[in-house]
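Residue numbers (the numbering used here): 9 to 197.
Only one structure is covered here, and it is reproduced in the block below.
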């Protein structure tokens with residue numbers, strides 16, 4: 009965000025945190041990689057957390073199994089409000105999509121064949137890749153890029169495109185290897 013962002017304010021109550029996370033999860037389409045940047049912006053605007061700290065937590069949350077929006081929200085809430093905040097965040101992430109699925113499935117089964125509904129769903133689905141690309145761009149622009157990092161990133165992307173059936177294991181191995189090359193393993197001998 010901006011260099012001169014607002015000062016960090018006191019942490020929210022678990023109830024306020026639940027409400028903020030629930031609102032975000034109720035109106036965002038596209039899953040965790042869309043929800044996470046919206047949450048980061050929201051928390052920074054409210055003065056609850058600096059964007060950098062949020063994305064540090066987001067990076068750690070990727071090590072946990074399960075949906076990334078859930079892991080990120082729980083870890084962020086744990087940092088802001090302790091275990092009560094983590095419980096509030098869990099329900100803030102889970103309740104809106106659960107309720108939406110129940111509501112929307114009934115509506116789609118009844119009105120899904122209407123052309124306007126089909127156009128809306130196609131349009132909503134088309135927005136998701138753009139939102140994900142925006143998050144990737146925002147995260148990547150904060151890194152210091154060397155020719156080696158560019159080559160590594162392009163190599164991993166090429167492998168994932170060429171071998172989509174093996175994407176997850178290849179991605180995990182590549183990330184582990186790059187972490188060792190670029191990270192702490194480089195200095196330990």
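Each residue gets a CB set at the ideal place from its N, CA and C atoms; glycine is no exception.
Just so it is clear, the structure is predicted and the values come from calculations on it, not from any experiment.
For residue 98 and residue 63, what's the separation of their Cα atoms in angstroms? Approximately 19 angstroms, taken between the alpha carbons.
Keeping to the same chain, check which residues put their C-beta closer than 6 angstroms to that of residue 195; ignore five residues upstream and five downstream. Because the pLDDT of residue 195 is 46, which lies under 50, any placement of that residue in the model is unreliable, and the number read from its coordinates should be weighed accordingly. The same chain holds no residue with a CB closer than 6 angstroms to that of residue 195 once the five nearest residues on each side in sequence are set aside.
I'd like to check one pair, residue 88 with residue 69: are the Cβ atoms closer than 9 angstroms? No.
Is the CB-CB distance between residue 30 and residue 110 below 9 angstroms? No. Outside cutoff.
Under three-state DSSP, which class holds residue 93? Here residue 93 sits in helix by DSSP.
Short of 6 angstroms in beta carbon distance, which residues of its chain neighbour residue 81, apart from the five on each side in sequence? Order them along the chain. Closer than 6 angstroms at Cβ, skipping near neighbours: 29, 97, 101.
When you compare the CB positions of residue 94 and residue 39, do they come within less than 9 angstroms of one another, or not? Taking 9 angstroms as the cut-off, the Cβ atoms of residue 94 and residue 39 do not count as close.
For the alpha helix (DSSP H) that residue 31 lies in, which residues bound it at each end? Taken as a continuous stretch (DSSP letters only), the alpha helix (DSSP H) holding residue 31 covers 22-35.
DSSP state of residue 19 mapped onto helix, strand, coil: Under the three-state reduction of DSSP output, residue 19 falls in the coil class, being neither helix nor strand.
I'd like to check one pair, residue 107 with residue 25: are the Cβ atoms closer than 9 angstroms? Contact annotation: residue 25 and residue 107 have beta-carbon atoms that are not nearer than 9 angstroms.
Expressed to the nearest angstrom, what Euclidean distance is found between the alpha-carbon atoms of residue 35 and residue 41? Distance between the alpha carbons of residue 35 and residue 41 is about 14 angstroms.
On the criterion of 16 or more Cβ atoms from any shown chain inside 10 Å, does residue 149 qualify as buried, or is it exposed? With fewer than 16 other Cβ atoms within 10 Å, it is exposed.
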